[in-house]
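The numbering used here applies: residue 7 is where the sequence shown begins, and numbers increase by one.
C-beta: ideal position from N, C-alpha, C; glycine also.
Everything on this sheet refers to the single structure shown next.
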Amino acid sequence: MAISYKPLWHLLIERNMNKEDLKRAANITSNVVARMSKDSYVSLESLEKICIALACNIQDVVEVFKSEEETYE
């Protein structure tokens, strides 16, 4: 499976927020934001902090899809 944080980036744009605003509001580290920028996995605890800070659901932050390798199996 692969993940994408595109929903989060769109949500931030809608709310006129940048990544630094997110970092402060959710009390997450720069490392977490950097990993998300690369569509890497982050802890569920970090995702929970983001959802609470933005008053949203997890599907507003992350989407999961089959990776290309899995499509051809």
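- For Ser46, no alpha helix (DSSP H) run applies, since DSSP gives it neither H nor E.
- For Ala32, the enclosing alpha helix (DSSP H) stretches over residues 25–32.
- A contact is defined here as three or more CB-CB pairs under 8 Å, and the segment 21–34 meets this definition with respect to the segment 46–56.
- By the Cβ-count criterion, Tyr11 is buried, with 16 or more other Cβ atoms from all chains shown falling within 10 Å of its own Cβ.
- CA-to-CA, the gap between Asp45 and Val38 works out to about 11 Å.
- Burial check for Ser49: the Cβ neighbour count within 10 Å stays below 16, so the residue is exposed.
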